[in-house]
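Some notes on the structure that comes next.
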Amino acid sequence: MTGASRFGQLRHDWMYYKNESHSLPIDYTVYTHLLTSIPQFHGDYFEIIDVIYGYEKILLKNPSIVVQNWLSLFQNFDLNHTKEFLESLLPVQIVIDPKVWIMKRHNISDFTEGEHLF
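This is how it looks when you write it as structure tokens:
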């Protein structure tokens, strides 16, 4: 089972569909909500209500900058450093990017009985 199909188990009054045969944006208008990786494809009929970020890559930082940050820490020792400063002490930067967009159909109040939820 995928995480998306287990998501549909949270509420018994919701139905989850994983239909990969849709090819046009209008094909998706039978749903109230979408989980998608291509929000621009659905922009005419759906609005973004949330974005889920995930791992993209790890970058190595310039060693001289990391050393300068460590020296700064010891020269001006203060326990009230910002999160950004503390992250600057790490030799790597973890890059995250948007991965999944949660979208809600425009005019969802027009939804009729028997149409698909999710």
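Last residue of the sequence shown: 303 in our numbering, with the numbers rising by one and none dropped.
Cβ coordinates follow ideal geometry from the N, Cα and C atoms, glycine included.
When the five nearest sequence neighbours on each side are left out, the beta carbons in the same chain lying within less than 7 Å of the beta carbon of L244 are those of V277, Q278 and V280, in order along the chain. For W286, the CB contacts under 6 Å within the same chain, skipping 5 residues up- and downstream, are T221, P224, I233 and V236 in chain order. A straight line joining the alpha-carbon of D212 with that of W199 spans about 19 Å. In the structure shown, P224 adopts helical secondary structure according to DSSP, grouped into three states. If you draw a straight line from the Cα of N261 to the Cα of W255, it is about 10 Å long. Note: Q278 is bridge-paired with L244 in the DSSP secondary-structure output.
Leaving aside the five residues that flank H291 on each side, the residues in its chain whose CB is nearer than 8 Å to its CB run, in chain order, Y230, F231 and E232. A Cβ-Cβ contact shorter than 8 Å links T217 with K289. A residue is called buried when at least 16 other Cβ atoms come within 10 angstroms of its Cβ; L275 does not meet this threshold and is exposed. Excluding five sequence positions before and after K203, none of the CB atoms of its chain fall closer than 6 Å to its own CB.
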